[in-house]
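The structure appears right after this line, and notes come after that.
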């Protein structure tokens, strides 16, 4: 059974619209993250949460808003979508937010295409 | 701002050969060093990590870390076609992981 669920798998949106990417983890982890991966760019850290509190935000734009309704949920709301937002968005989780043993486990990703 | 660079960009190796991948980083305060593997269309998956200078071996995989040189590497012995993937190095510092752009490895049977 998948331990980290991301929905939807694929998403096509029009410029200017708003979408929510869903992430749930069933690993019992306390920390969750969002990353973005687009062509010719490294996997890019966006946010980290620990016990439902924002720990780090490396996203310059306020158009990206994480939402944590439960400890094992971390959704990502994106408003005013732009074609440059097209990427695969990965959710990840780890037991805690530091330490050499804190392996980050990644979900399968949501591939977003903005037209 | 952490800068993580990987080389080479891509690599083709024959089955059974040794694969060597390199990663350099810029922040000397970096604490932990990871290699992830990402098969096409799949999620990145952690392979192994190291935090102190030297070498660590797990099965066919070996990591070397030299903090003074701001460099670590991954070596795969007896490379298999199933090892064909994008290999990402990552450095943990300031409570976050910073990834390199990756090295694409193709192992030819």
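Protein chains in written order, with our numbering: chain A, 1 to 115; chain B, 1 to 109. The beta carbon of each residue, even a glycine, is placed where N, CA and C say it ideally should be.
Query - Interfacial residues, the region 91 to 102 of chain B to chain A, with Cβ spacing under 9 Å - result: 92, 94, 95, 96, 97, 98, 99, 100, 101 and 102
Report task. Confirm, please, whether the CB-CB distance from residue 104 (chain A) to residue 46 (chain B) is below 8 Å. Result -> The residue you call residue 46 (chain B) lines up with position 46 of the second chain. The residue you call residue 104 (chain A) lines up with position 104 of the first chain. In this structure, residue 104 (chain A) lies closer than 8 Å to residue 46 (chain B) by Cβ.
Query raised in the report: Should residue 29 (chain A) be labelled buried (16 or more other beta-carbon atoms within 10 Å of its own) or exposed?
Result: Here residue 29 (chain A) corresponds to residue number 29 of the first chain, with the count starting at 1. With 16 or more other Cβ atoms within 10 Å, it is buried.
Requested in this report: Can you give me the Cβ contacts of residue 81 (chain B) inside the same chain, cut-off strictly under 7 Å, excluding the 5 residues immediately before and after it?
Outcome: Residue 81 (chain B) sits at position 81 when you count from the first residue of the second chain. If we look at residue 81 (chain B) and ignore the five residues flanking it on each side, its Cβ neighbours are 15, 107 and 109.
**Report entry** Top-ranked residue by Cα proximity to residue 89 (chain A), from A:5, A:19, A:13 and A:111
**Finding:** Your numbering for residue 89 (chain A) matches position 89 in the first chain. When only C-alpha atoms are compared, the closest one is A:111.
Report task. Taking residue 50 (chain A) and residue 97 (chain A) to be in contact with their CB atoms under 8 Å, please state how far apart those CB atoms are, rounded to whole angstroms. Result -> As a first step, residue 50 (chain A) must be located in the first chain, where it is residue number 50. As a first step, residue 97 (chain A) must be located in the first chain, where it is residue number 97. Yes, they are in contact, since the Cβ atoms of residue 50 (chain A) and residue 97 (chain A) sit about 5 Å apart, within 8 Å.
Query - Closer than 8 Å at the beta carbon, the chain B residues around residue 55 (chain A) - result: Along the first chain, read from residue 1 onward, the residue named residue 55 (chain A) stands at position 55. The answer, in chain order, is 95.
Requested in this report: Tell whether a beta-carbon distance below 8 Å holds between residue 53 (chain B) and residue 65 (chain B).
Outcome: Mapped onto the second chain, residue 53 (chain B) falls at position 53. Mapped onto the second chain, residue 65 (chain B) falls at position 65. Yes. Within cutoff.
Query raised in the report: According to the Cβ coordinates, are residue 100 (chain B) and residue 42 (chain A) closer than 8 Å?
Result: Counted from its first residue, the second chain places residue 100 (chain B) at position 100. Counted from its first residue, the first chain places residue 42 (chain A) at position 42. Yes, the pair counts as a contact, with Cβ atoms nearer than the cut-off.
Query raised in the report: Using the beta-carbon of each residue, which ones in chain B are nearer than 9 Å to residue 109 (chain A)?
Result: Stepping through the first chain from its first residue, residue 109 (chain A) is reached at position 109. Contact of residue 109 (chain A) with chain B by beta-carbon distance below 9 Å involves 41, 42 and 43.
Query raised in the report: On the three-state DSSP scale, how would you describe residue 48 (chain A)?
Result: Here residue 48 (chain A) refers to the residue found at position 48 of the first chain. Look at residue 48 (chain A) here: in three-state DSSP terms it is strand.
Query raised in the report: CB residue 33 (chain B) to CB residue 51 (chain B), shorter than 8 Å?
Result: For the purposes of this step, residue 33 (chain B) is taken as residue 33 along the second chain, with counting starting at 1. For the purposes of this step, residue 51 (chain B) is taken as residue 51 along the second chain, with counting starting at 1. Yes, Cβ-Cβ distance for residue 33 (chain B) and residue 51 (chain B) is below 8 Å.
Report task. Using a Cβ-Cβ cut-off of 8 Å, state whether residue 88 (chain B) counts as contacting chain A. Result -> Here residue 88 (chain B) corresponds to residue number 88 of the second chain, with the count starting at 1. So yes, residue 88 (chain B) belongs to the interface.
Query raised in the report: In whole angstroms, what separates the C-alpha of residue 72 (chain A) from that of residue 17 (chain B)?
Result: Along the first chain, read from residue 1 onward, the residue named residue 72 (chain A) stands at position 72. Along the second chain, read from residue 1 onward, the residue named residue 17 (chain B) stands at position 17. If I take the Cα positions, the gap works out to 42 Å.
Query - Beta-carbon neighbours of residue 46 (chain B), restricted to chain A and to distances below 8 Å - result: For the purposes of this step, residue 46 (chain B) is taken as residue 46 along the second chain, with counting starting at 1. For a Cβ distance threshold of 8 Å, residue set 103, 104 and 105 of chain A lies close to residue 46 (chain B), ordered along the chain.
Requested in this report: Please work out which residues of its chain come closer than 6 Å, Cβ to Cβ, to residue 12 (chain A), disregarding the five sequence neighbours upstream and downstream, and give them in chain order.
Outcome: Reading the first chain from its first residue, position 12 is the one you call residue 12 (chain A). The answer, listed in chain order, is 113.
Report task. Taking the CB atoms as reference points, tell me whether residue 89 (chain B) and residue 1 (chain B) lie closer together than 8 Å. Result -> By 1-based counting over the second chain, the position of residue 89 (chain B) is 89. By 1-based counting over the second chain, the position of residue 1 (chain B) is 1. Going by C-beta atoms, residue 89 (chain B) is not nearer than 8 Å to residue 1 (chain B).
Report task. Would you decide whether residue 10 (chain B) is buried or exposed? Buried here means 16 or more other CB atoms lie within 10 Å of its CB. Result -> For the purposes of this step, residue 10 (chain B) is taken as the residue at position 10 of the second chain. The residue in question, residue 10 (chain B), is exposed, as its Cβ has fewer than 16 Cβ neighbours within 10 Å.
Query raised in the report: Does any C-beta atom of chain B lie closer than 8 Å to the C-beta of residue 9 (chain A)?
Result: One-based indexing of the first chain puts residue 9 (chain A) at position 9. Taking Cβ atoms only, chain B never reaches closer than 8 Å to residue 9 (chain A), which makes this a no.
Query raised in the report: In chain order, what residues of the same chain lie with their CB nearer than 7 Å to the CB of residue 79 (chain A), ignoring the 5 residues before and after it?
Result: Here residue 79 (chain A) corresponds to residue number 79 of the first chain, with the count starting at 1. If you ignore the 5 residues before and after residue 79 (chain A), its C-beta comes within less than 7 Å of the C-beta of 18 and 63, all in its own chain and listed in chain order.
Query raised in the report: Hey, out of B:94, B:73, B:98 and B:39, whose CA is closest to residue 84 (chain B)'s CA?
Result: Within the second chain, residue 84 (chain B) is the residue found at index 84, counting from 1. Considering only alpha carbons, the answer is B:39.
Query raised in the report: Which one or two residues does DSSP pair with residue 114 (chain A) in a beta bridge?
Result: The residue given as residue 114 (chain A) occupies position 114 in the first chain. For residue 114 (chain A), the beta-bridge partners assigned by DSSP are A:13.
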